[in-house]
Structures are given as C-alpha cells and as structure tokens.
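This report refers to the structure that appears directly beneath it.
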Amino acid sequence: MRQSFIARNPSVLIFLACLAVFTLAVTLMSHALGAEMISTSFIKTLGRTLCLCLVAIAMDLVWGYCGILSLGHFAFFGLGGYMIGMWLMYARTEIIVAESLANAAIPPTPDEVRDAIGSQIFGVVGSSDFPAIWAFAHSLPLQLALVVLVPGLLALVFGWLAFRSRVTGVYLSILTQAMTLALSLYLFQNESGLRGNNGLSGLQNLPGVEAGQDWISLWFLWASALALGLGYVLCAWVVSGKFGSVVRGIRDDEARVRFLGYSVEGYKLFIFTFTAIIAAVAGALYYPQAGIINPGEVAPIASIYLAVWVAIGGRGRLYGAVIGAAVVSLVSTWFTGGMVPSIPLGVYTVDWVDWWLVLLGLSFVLVTLFAPKGIGGLVDLVSARVAPDRHGADYGPDKGALREEEGRK
Amino acid sequence: MSALLEVSGVSVSFDGFKAINNLSFSIGEAELRAIIGPNGAGKTTFMDIVTGKTKPDEGKVLWGELSRNLLKMRESKIAQAGLGRKFQRPTVFEDQSVFDNLLMALKNPRGAFACLFYRPTRADRARVGELAEEVGLAAFLSRTSGELSHGQKQWLEIGMLLAQEPRLMLVDEPAAGMTLAEREHTTDLLVSLARTRAVVVVEHDMEFVRRLGCKVTVLHEGSVLAEGSIDHVTADPRVIEVYLGR
Numbered sequence: 001m002r003q004s005f006i007a008r009n010p011s012v013l014i015f016l017a018c019l020a021v022f023t024l025a026v027t028l029m030s031h032a033l034g035a036e037m038i039s040t041s042f043i044k045t046l047g048r049t050l051c052l053c054l055v056a057i058a059m060d061l062v063w064g065y066c067g068i069l070s071l072g073h074f075a076f077f078g079l080g081g082y083m084i085g086m087w088l089m090y091a092r093t094e095i096i097v098a099e100s101l102a103n104a105a106i107p108p109t110p111d112e113v114r115d116a117i118g119s120q121i122f123g124v125v126g127s128s129d130f131p132a133i134w135a136f137a138h139s140l141p142l143q144l145a146l147v148v149l150v151p152g153l154l155a156l157v158f159g160w161l162a163f164r165s166r167v168t169g170v171y172l173s174i175l176t177q178a179m180t181l182a183l184s185l186y187l188f189q190n191e192s193g194l195r196g197n198n199g200l201s202g203l204q205n206l207p208g209v210e211a212g213q214d215w216i217s218l219w220f221l222w223a224s225a226l227a228l229g230l231g232y233v234l235c236a237w238v239v240s241g242k243f244g245s246v247v248r249g250i251r252d253d254e255a256r257v258r259f260l261g262y263s264v265e266g267y268k269l270f271i272f273t274f275t276a277i278i279a280a281v282a283g284a285l286y287y288p289q290a291g292i293i294n295p296g297e298v299a300p301i302a303s304i305y306l307a308v309w310v311a312i313g314g315r316g317r318l319y320g321a322v323i324g325a326a327v328v329s330l331v332s333t334w335f336t337g338g339m340v341p342s343i344p345l346g347v348y349t350v351d352w353v354d355w356w357l358v359l360l361g362l363s364f365v366l367v368t369l370f371a372p373k374g375i376g377g378l379v380d381l382v383s384a385r386v387a388p389d390r391h392g393a394d395y396g397p398d399k400g401a402l403r404e405e406e407g408r409k
Numbered sequence: 001m002s003a004l005l006e007v008s009g010v011s012v013s014f015d016g017f018k019a020i021n022n023l024s025f026s027i028g029e030a031e032l033r034a035i036i037g038p039n040g041a042g043k044t045t046f047m048d049i050v051t052g053k054t055k056p057d058e059g060k061v062l063w064g065e066l067s068r069n070l071l072k073m074r075e076s077k078i079a080q081a082g083l084g085r086k087f088q089r090p091t092v093f094e095d096q097s098v099f100d101n102l103l104m105a106l107k108n109p110r111g112a113f114a115c116l117f118y119r120p121t122r123a124d125r126a127r128v129g130e131l132a133e134e135v136g137l138a139a140f141l142s143r144t145s146g147e148l149s150h151g152q153k154q155w156l157e158i159g160m161l162l163a164q165e166p167r168l169m170l171v172d173e174p175a176a177g178m179t180l181a182e183r184e185h186t187t188d189l190l191v192s193l194a195r196t197r198a199v200v201v202v203e204h205d206m207e208f209v210r211r212l213g214c215k216v217t218v219l220h221e222g223s224v225l226a227e228g229s230i231d232h233v234t235a236d237p238r239v240i241e242v243y244l245g246r
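Quick mapping for you: the protein sequence lines, in order, are chains A and B.
If you're matching positions, the first sequence starts at 1 in full-length UniProt numbering and goes up one per residue.
If you're matching positions, the second sequence starts at 1 in full-length UniProt numbering and goes up one per residue.
Encoded structure:
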C-alpha cells in the first residue's frame, strides 16, 4: 500500500513532461532565438494561456474537489494583476520622469519627482496625488507580497463569513458573483485610486530592462510554465493524501464529514483561500503579458468562463482543468480574432466573432448533458478506467457531489 | 452510576409540530440501550439533537464527567468529544477506497494542517487492517467503496464508527438490509462493543432488539413512553397500543 507520491499520481509526471516539451518547442521556434516561426504576440498568447491553465487548476480544486462552485475566482486573479501592475506602472513612470527631469537647471527634489510620477499616472483621472493604496508601489518585494496578501485576505474574510454561516450551493455561487461584481464596480470608480475604467496600462514594459519584447515574452512564458508546473504539483499533493480524502468527502457529503469530527468550515476556508492565492499568482503573471488591466477583467462573466473551462475540460481531475482552459481559451482567441472565415448564408452571414459565444454555450450544454467527464474523460478510454454502475445515483447527497457520469475508476 | 450522556427536558418543534416533547434520557459509561418507537416518534430527531445537527428549543444535553453542554458545541467538536453516529442509510464516501474511508475515520488529529501533512504510520495501517478484518472487508481495502454491496457498505460504516473509537455510539437501524447471518454477527458485535463503551441502538425490528438483551426505551410522539427490559415494555399496555398493536 505504501507508494511514493509520483507512483500514486502518474499524471503529474506526464503533465510535467508535456509542459516541458511544450515550453522547449515554443522557445526554439521563437523570434528571440532567431527561428521566427512563432510571432512574439502569439508567444504572449501562449504564456497567458498557461496562466489561465493555472487559475483553472485553482478552480478545479475549489469546485471539482471541494464542491464549492465559486463564481468569483477571477476577482482574485484580477487583484493579483492589479498588485503587480501598480509596481510596473510606478517603476516605469519613475524612469520616464527621471529622464525628463534630468536636464532641468535645478535638480528635482524627491517630492517633485513623486509629484511628477503622480501626475503622469493619475492625469487621466484628473488627479495627481497618490492614493493611500499606492504606498508600497515603489517597492517590488512589498508589491509582490501584496499579490499574495490582498487576494488571500479578501478570500479569508469572505470565506470565513460565508462558510461560517453555512452558505452552500447556488447561494454561495451567487454570493461570489456579487463579490466579484462589487469589486469590479468599485474599481470602475476613479476614487478607487486605480485609475478607474482606464485601468493600469503599459504593463508589458519591464522597468530597467533593455531586452526587447521578443525576449521578455519568452521570459514570461518560462515563468508561467514554471508557475503552472509548481502549481500543478502542489495541488496534486494537496489532494493526494488524507486532506484530499476529507475535501472530496466534503464535496459528496459534508454532513457526514462533520459527524466524523472534521470542521468542514475550516477545510473549505483553507481550500478557498489557497486557491485564491494561486489565482492571484496566475493573474500577476498574466497581466504583464496582456499589457493592460482594467476593471472589466474582474466582471462576473470572467469567473463564469472559468467554470465553463473546468466543466468542458473535466471536473475533479487537475489535467482536465488544464486541458479545458487551454483548449477553450485558444479556440476562443482563434474565433474572436477574426481568423475563422465567416459563413455566408445568403440572407445572413454567420460572423464567428459574434457567434463564438453561442457555440461555446452550446458546447457547454452538450458536454454537461452527454459527456460530463469533459475532454479529460478521453483519458479514461486509454487507461481503461471503468466507472461502477450506480443506477443514476450521485456519489453523495450534496449539490456539488460527483455525478455518476463523472465517476472515476 | 454516573451517566455518560444525560438528556433532560428537551423539546423541539418544527413549524409548530412538536417532534420532541420534554424528553429525558440518560445512559451510563458502558451500557447497551435500544430505542424503539413507531415512525415519527422522534428517534432520528433525538439523534440529531445529541449529535448537534438540530438545536432544541429548550432542555439540556450534558456529556461526560465534566458535564459539558453539548448544545453549545458544533457537530465536529461533539464528534471529537467521542460521540459517533451511524446512519440508517449507509453513508460512506463512495468515490473513495475502503482504505481511505477507514483512514479518514481513524482517531487522529482532525485539523486541516494536521491532515495536510499527515502520512499514515505503520500503526495506523495496521489498525485499518484490523478494522477491515473485523468487519469482513480485508479483501476489499483497495476497492472503491461505491462498488460494495449494500450490506458491505453497512459494515464499512460500522468499521468507520469503530475507527473513531467513540465513547458513545449512536447506531441507526444497523441490521437494515442485512442477511440473517450478518444480523447475528451485528448483534454479537454490538453486545461486545457495549462492554467497553455506551451503545445506543435505534431499531424497528423487535426480534433484533430481543436478541440484544438490553434495556429498552420506547419513544412515542417525542417523549419516553416506557423504559425497562424487553419483556417489561412489551407487556406494557400503552406500548402494545401505540406500537406493537399495529
């Protein structure tokens, strides 16, 4: 019975190998190494996709393993992005300001420099004063700490309030939607101190780095791949032992777990906060590759997309979430990027930029109805895993319980 | 004799319906007790109150030497205090193996961080093996528990209950869906368990209760109708009227 972690989770090794091969292949085909087979912008798309895979893993942990259908994890993703964006913007503006003030007759005082940075950053919202939340923006280590701390604390407080009151099922989903909507509306205000609907921009430029975007895009691809690999191993470890048993027990029948003496609320809070932090790290890597973040990014629909990716990829298996996020977001880029030819029907032309959402919605419904294991379920065909016949019964009485069709082994 | 669990004057009503009405009940340190009663007598509600699932409108539930008030504790804390419950319908974690089910129930620290870094020790594995042996599932340790038969799931749940090492076991219809031989095995097991701890069995089946040979509490409309040996209560005309007469 005693087996190593890798032996119990063979998918970890396969996943890491695939990720390494992918990263190496993209690197070899990049502009930076002179191959020019993949454009820099597409490398950024791939790097961003890796970040989306990471947040999908977080979603799978909280929904697929713990049964909490959180529709607010993109709020944490966005907050992570904002936190790193603040430093990127501050540091880059500081360099620009320093250059322009260098030729002044009298050397500028630190206060003058700070005011100049402030009016550069906040000019668009008619202000030049730094709001209190920018107090740490000058320091990379502090702002990196905030990437983890701000979303982590938000998740901790929100989760504590929600789980303590035993809010479950669809009510919790609605509550998380309300949270992300409230955050989005707050950020839209100029008074929020994060440039309102303009958001933070110019994030693709790393302050003080001379290298071109071809190299920067590659660095971020590597960083994203590393984060995804580490995140995958960490999540696989978390769900592999007794902790994983308890968490899956909570998904299927939380009352029973309570009567075994486990504090269900504590476990849910742990998973919720832990996944929020993973989401924040993914966001902090995503937005420098996107170049811009604005409050629209944490709109409620973003978190719903996240659930759709995980559902299409296959809930309750980490690689399923990765596959779902990668496939759906890349196909989405393909369709909405105008790369798919429109279909002229005479009276009406099907333009995929508009019709992609319909197609996505339809595939979500079809997957839920006819292939609940999602794309990840195809692996079962190879590994010949046979699900027991449960005569239509779920694996437990709770709303989030594994359905018969999702059954494993 | 000092009581392990003492329930006094407990009442609870749901939407005006009095499910439990001024119920008093007490059980000692090592005692076997059967609770019988017709449907709606409040048997399940009684267990819900004791295990913390339902909070009563009035009354007291005291536990152990220190007379701790169970009404102020959460379900998980009550379970940690040594109160184990077996449900009527077998409730095991069907997605997980028999081994994992038993390991989860095994008496160990229950905190999230303790569980995260927990790795089963040799003693824990041996204990799981013993328990599986005791409930006849030694050959099924690596099987997913959802694949087990109804009777085997009942046994697994009993095994999980034993793994918790509770001081008081609340057992809801343990013999439901079991064959005759399995029923006898269950009876023997319950009787032997009650030598070292308190066991409360809720049962419909008179024959099964008779074989337990213990003190019987008859519930009716949320309060105790009669208490005593099986022969004593079955001779009680009120019991015959409300329960046996049907």
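In this text, a Cβ means the ideal position worked out from N, Cα and C, and glycines have one as well.
Would residue i and residue j qualify as a contact pair, given that the criterion is a beta-carbon distance under 7 angstroms?
| i | j | result |
| --- | --- | --- |
| A/Ala319 | B/Ser76 | A small fix is needed here, since residue 319 of chain A is Tyr in this sequence, not Ala. Going by C-beta atoms, A/Tyr319 is not nearer than 7 angstroms to B/Ser76. |
| A/Gly72 | A/Thr168 | no |
| A/Gln213 | A/Thr40 | yes |
| A/Ile57 | A/Ala302 | no |
| B/Ala41 | B/Leu219 | yes |
| A/Glu265 | A/Phe163 | yes |
| B/Glu58 | B/Ser26 | no |
| A/Ile312 | A/Val367 | yes |
| A/Val298 | A/Phe74 | yes |
| A/Tyr90 | A/Ala17 | no |
| A/Trp309 | A/Val328 | yes |
| A/Val124 | A/Asn198 | yes |
| B/Gly84 | B/Gln164 | yes |
| B/Val92 | B/Glu157 | yes |
| B/Arg211 | B/Thr187 | yes |
| A/Ile271 | A/Cys66 | yes |
| A/Val148 | A/Leu79 | no |
| A/Cys53 | A/Ala326 | yes |
Is DSSP giving residue i helix, strand or coil here?
| i | result |
| --- | --- |
| A/Glu254 | helix |
| A/Ser184 | helix |
| A/Gly85 | helix |
| B/Gly84 | strand |
| A/Ile68 | coil |
| B/Met169 | strand |
| A/Ala137 | coil |
| B/Phe25 | strand |
| A/Lys373 | coil |
| B/Asn69 | strand |
| B/Arg18 | It is worth fixing the name first, because residue 18 of chain B is Lys in this sequence and not Arg. In this structure, B/Lys18 counts as strand in the three-state DSSP scheme. |
| A/Thr336 | helix |
| residue 411 of chain A | The question about residue 411 of chain A has no answer, for chain A in this structure spans 1 to 409. |
| A/Lys399 | coil |
| A/Leu156 | helix |
| A/Met1 | Because the pLDDT of A/Met1 is 46, which lies under 50, any placement of that residue in the model is unreliable, and the question is left without a value. |
| B/Leu62 | strand |
Looking at residue i and the ligand PLP, is the gap between the Cβ and the nearest heavy atom below 6 angstroms?
| i | result |
| --- | --- |
| B/Trp63 | Among the components of this structure there are no ligands whatsoever, and the ligand PLP is therefore not found. |
Which same chain residues end up closer than 6 angstroms to residue i when comparing Cβ atoms and leaving out the 5 residues on each side of it in sequence?
| i | result |
| --- | --- |
| B/Tyr243 | Pro38 |
| A/Pro131 | Gly193 |
| B/Asn69 | none |
| A/Val55 | Phe77, Ala279 and Ala282 |
Once the 5 residues before and after residue i are set aside, which same chain residues still bring their CB inside 8 angstroms of it?
| i | result |
| --- | --- |
| A/Pro108 | Leu101 and Ala116 |
Going by beta carbon distance, what residues of the same chain come within less than 7 angstroms of residue i, once the five residues before and after it are set aside?
| i | result |
| --- | --- |
| A/Trp352 | Phe335, Val340 and Ser342 |
| A/Leu218 | Thr27, Ser30, Ala32 and Ile43 |
| A/Met1 | With a pLDDT of 46 at A/Met1, under the threshold of 50, the predicted position of this residue should be treated as unreliable, though the coordinate-derived value follows. For A/Met1, where only same-chain residues beyond five positions count, there are no Cβ hits under 7 angstroms. |
| A/Val257 | Val246, Gly249, Ile250 and Val264 |
| A/Ile133 | Gly193 |
| A/Tyr287 | Gly81, Ile84, Gly85, Leu203 and Ile293 |
| A/Ile304 | Leu71 |
field: Complete runs of the beta strand (DSSP E) confined to the region 235-313 of chain A [at least 3 residues]
entry: The qualifying runs do not exist here; there are none.
field: Three CB pairs or more closer than 8 angstroms across the region 191-207 of chain B and the region 26-43 of chain B
entry: These segments touch.
- prompt: Taking one C-beta from the region 109-121 of chain B and one from the region 46-65 of chain B each time, how about it: are there three or more such pairs within less than 8 angstroms?
  reply: Segments in contact, no.
- request: Determine contact between the region 226-240 of chain A and the region 369-380 of chain A, defined as no fewer than three beta-carbon pairs at a distance below 8 angstroms.
  value: Taking a cut-off of 8 angstroms on C-beta distances, the region 226-240 of chain A does not touch the region 369-380 of chain A, as fewer than three cross pairs fall below it.
message: List, from N- to C-terminal side, the alpha helix (DSSP H) runs of 4 residues or more that fit wholly inside the region 174-221 of chain B.
response: The DSSP assignment places complete alpha helix (DSSP H) segments of no fewer than 4 residues inside the region 174-221 of chain B at 180-193 and 206-212, in order along the chain.
query: Hey, which unbroken runs of the alpha helix (DSSP H) at 4 residues or more fall wholly within the region 86-167 of chain B?
result: 98-105, 112-116, 122-134 and 150-163, all fully within the region 86-167 of chain B.
query: Below 8 angstroms, can you find three or more Cβ-Cβ pairs linking the region 138-158 of chain B to the region 61-71 of chain B?
result: The region 138-158 of chain B, when compared against the region 61-71 of chain B, does not touch it at the 8 angstroms Cβ threshold.
4-residue-minimum alpha helix (DSSP H) runs that sit fully inside the region 27-60 of chain B, ordered along the chain: Those alpha helix (DSSP H) runs which fall completely within the region 27-60 of chain B and span 4+ residues are 43-50.
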